[in-house]
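Comments concern the structure below.
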Amino acid sequence: MVVNTKTVGDLPAVAALAETLGARELLLLPEESTVGRAGIGADTLELLKMWVETYRGPVPLTMGESRAASFPICRALPKERPLDSYVHINAAGELLPTSFSPLGVTLGEGTFYSALRKLQLQSKGESQ
């Protein structure tokens, strides 16, 4: 579910629907800024955080990578590294850390795993 000013109030109903339909998880995606869209505002993000902290439903919550660190209870696989959880291949054949990441590795002639290794090394270099 993309969460923004228009949808944040729907969280209880969406969680109830997820439970009714037997969902295994509820993926929350705070709206990212794009051309023509500002993304989720600070006030709305705070409402989302409060809702997540008080949620006691049976459907586990997960969070898009860009905000996952702010929502530690939403980690689907706590021991899994973010790069392993959110890696994305775009239409141009690039392997990206997330679907919103501006930088990635071109798949080219190599294997997926060789591109993933390059991306891991690139990500380590950026975090140092």
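Per my numbering, the very first residue in the sequence shown carries number 18; after that it's consecutive. Ideal placement from N, C-alpha and C gives every residue a C-beta, glycine not left out. Small disclaimer: the values here were computed from a predicted structure and weren't measured.
Shortest alpha-carbon distance to residue i belongs to which of the options?
i: V76; options: S116, L28 and L112; result: L28
i: G127; options: G110, S118, L138 and P114; result: G110
i: V44; options: T115, I106, T79 and Q137; result: Rather than Val, the amino acid found at residue 44 in this sequence is Leu. It is T79 whose Cα lies nearest to the Cα of L44.
i: W68; options: G53, L112 and A30; result: A30
Assuming residue i contacts residue j (C-beta within less than 8 Å), just tell me the rounded distance between them.
i: N21; j: E48; result: 4 Å
i: L133; j: V104; result: 7 Å
i: L46; j: G74; result: So it is not a contact: roughly 18 Å between Cβ atoms.
i: P114; j: S140; result: 6 Å
i: Y72; j: A32; result: 7 Å
Which two residues bound the contiguous beta strand (DSSP E) that contains residue i?
i: E111; result: E111 to L113
i: T79; result: L78 to M80
What would DSSP say about residue i, mapped onto helix, strand or coil?
i: T71; result: helix
i: L43; result: strand
i: T61; result: helix
i: V25; result: helix
For residue i, collect the residues of the same chain with a Cβ closer than 7 Å to its Cβ; drop the 5 residues on either side in sequence, then sort them by chain order.
i: A55; result: none
i: S131; result: none
i: S50; result: G56
i: V122; result: E111, L112, A132, K135, L136 and Q139
Tell me the residue span of the alpha helix (DSSP H) that contains residue i.
i: L28; result: L28 to T37
Skipping 5 residues on each side, what residues in its chain have a beta carbon closer than 6 Å to that of residue i?
i: T61; result: T22 and V25
i: I57; result: N21, P47 and E48
i: E42; result: P77 and T79
Spatial neighbours of residue i within its chain, please: CB distance less than 8 Å, with the 5 preceding and 5 following residues excluded, ordered by chain position.
i: E36; result: G74, P75 and V76
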